[in-house]
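Since the structure comes first, as structure tokens, the remarks are kept for the end.
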Amino acid sequence: MIFLQISENTPFPAAFRKISGWNWAGNVVSAGASLGIVASLLVAMLGQARYLCVIGRARLIPFWLAKVHPLTGTPLNATLFLGTCTASVALFTDLEIVVQMISIGILVVFYLVANALVYRRYVIAANNVNVALPTLLFLFLLSLCSLGFSLSWKLKQHWWSLALFGAASLIVTAFFHCMVLCPPRATERWSVPMMPWPAAVSIFLNVFLMTTLNKRAFQRFGIWACLVTLFYVLYGVHSTYTAEEIEGGIESNQVINPNQSNANGNHPNKQEISLV
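In the UniProt record's numbering, the protein residues as written are 1 to 276.
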């Protein structure tokens with residue numbers, strides 16, 4: 001069979017080149033894949049540049065990235081900065097390293113979001129600090145059971161270890177579901193149903209997928225996380241606090257004099273607030 005002759009490391013168009021007279025189809029697929037990659041990168045930059053703009057407005061990164069060009073109405077500085085970084089990574093980094101970093105970054109984000117969803121629904125949204133410790137304990141035990149199942153699968157251990165950790169994950173989730181009351185879903189906005197099961201499945205799957213990555217991916221991600229945390233501690237926290245102090249001082253100094261009138265004899269509107 002032809003598909004058995006194709007290496008798993010070769011691109012998809014190689015399948016057509018194995019068939020006589022189908023080289024043109026391989027060229028068409030290659031061109032379509034190239035255009036798809038370019039289009040996806042442009043769309044990703046379109047959204048990520050606006051992420052940088054919003055983060056810059058919060059002063060977590062330099063405010064220069066939050067500036068909007070007066071003519072185009074777009075975050076030009078953030079777009080140029082992001083494009084330069086993306087091009088540098090694409091030119092000087094091996095593709096396998098980039099794929100591993102993207103994979104572990106996405107999986108960690110999904111894992112954290114699933115944990116935050118459970119904590120927010122049971123503790124913050126319900127305004128019940130009494131269940132904070134049981135919720136954190138549930139998340140820790142579920143992650144531990146998921147890690148045990150994933151490592152047993154990766155190391156090809158006995159089937160009973162897979163059954164043990166899999167059953168433990170189900171028991172921990174079911175026990176938490178029965179013992180800790182989930183607050184009713186908000187009617188005015190959408191919320192995840194059947195909690196905590198969707199979040200528990202997400203935690204389990206993300207932990208399982210993370211264990212399929214190699215050790216170097218975790219090392220690189222650890223170094224990157226340390227650098228980002230260091231930047232946040234040394235710059236982001238202080239910059240955000242200073243910006244809040246400045247904005248708070250401006251708002252406290254904005255007053256409207258009720259006895260002051262404009263040239264037409266009317267009281268000043270919100271746009272005519274004077275700074276004292």
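Using N, Cα and C, we set each Cβ at its ideal position, and we do this for glycine too.
Linking residue 88 to residue 100 through their CA atoms gives a straight-line distance of about 17 Å. Within the stretch 29 to 104, the runs of alpha helix (DSSP H) at least 4 residues long that lie entirely inside it are, in chain order, 76 to 92. The distance from the Cβ of residue 102 to that of residue 210 is about 13 Å, inconsistent with a contact at the 8 Å cut-off.
Taking the C-beta atoms as reference points, residue 106 is found no nearer than 9 Å to residue 146. When DSSP states are grouped into helix, strand and coil, residue 215 belongs to the helix group.
Less than 9 Å separates the beta-carbon of residue 200 from that of residue 114. Three or more beta-carbon pairs separated by less than 8 Å are not found between the stretch 215 to 226 and the stretch 30 to 40, which leaves the two stretches without contact. In this structure, residue 179 keeps its C-beta atom at 9 Å or more from the C-beta atom of residue 117.
For residue 139, same chain residues with a beta-carbon under 8 Å away, outside a window of 5 residues either side, are 115, 118, 119 and 203 in chain order.
Judged by pairs of C-beta atoms under 8 Å, the stretch 54 to 70 does not touch the stretch 182 to 191, as fewer than three such pairs exist.
From the listed residues 97, 56, 93 and 95, the smallest Cα separation to residue 81 is found for 56.
77 is the residue among 171, 59 and 77 whose C-alpha sits nearest the C-alpha of residue 46. Using a Cβ distance threshold of 9 Å, residue 153 and residue 141 do not count as a contacting pair. The closest CA to that of residue 83, considering only 176, 170 and 52, is found on 52. Exposed is the label assigned to residue 189, since fewer than 16 other Cβ atoms lie within 10 Å of its Cβ. Looking at the backbone, the Cα of residue 213 and that of residue 109 are separated by about 15 Å. Cβ neighbours of residue 63 within its own chain (closer than 7 Å, five residues either side excluded): 56.
Here DSSP, grouped into helix, strand and coil, assigns residue 180 to coil. The C-beta separation of residue 240 from residue 58 comes to about 6 Å, placing the pair in contact by the 8 Å criterion.
Following the DSSP letters along the chain, one finds residue 234 in no alpha helix (DSSP H), marked with neither H nor E. The Cβ neighbour count for residue 23, taken over all protein chains shown within 10 Å, is under 16; the residue is labelled exposed. Residue 135 is positioned such that its CB atom lies closer than 9 Å to that of residue 176. Taking a C-beta distance under 9 Å as the contact criterion, residue 236 and residue 60 qualify as a contact pair. Assigned with DSSP and collapsed to three states, residue 196 falls in coil, not helix or strand. Distance from the CA atom of residue 143 to the CA atom of residue 28, rounded to whole angstroms, is 45 Å. For residue 121, the three-state secondary structure derived from DSSP is helix.
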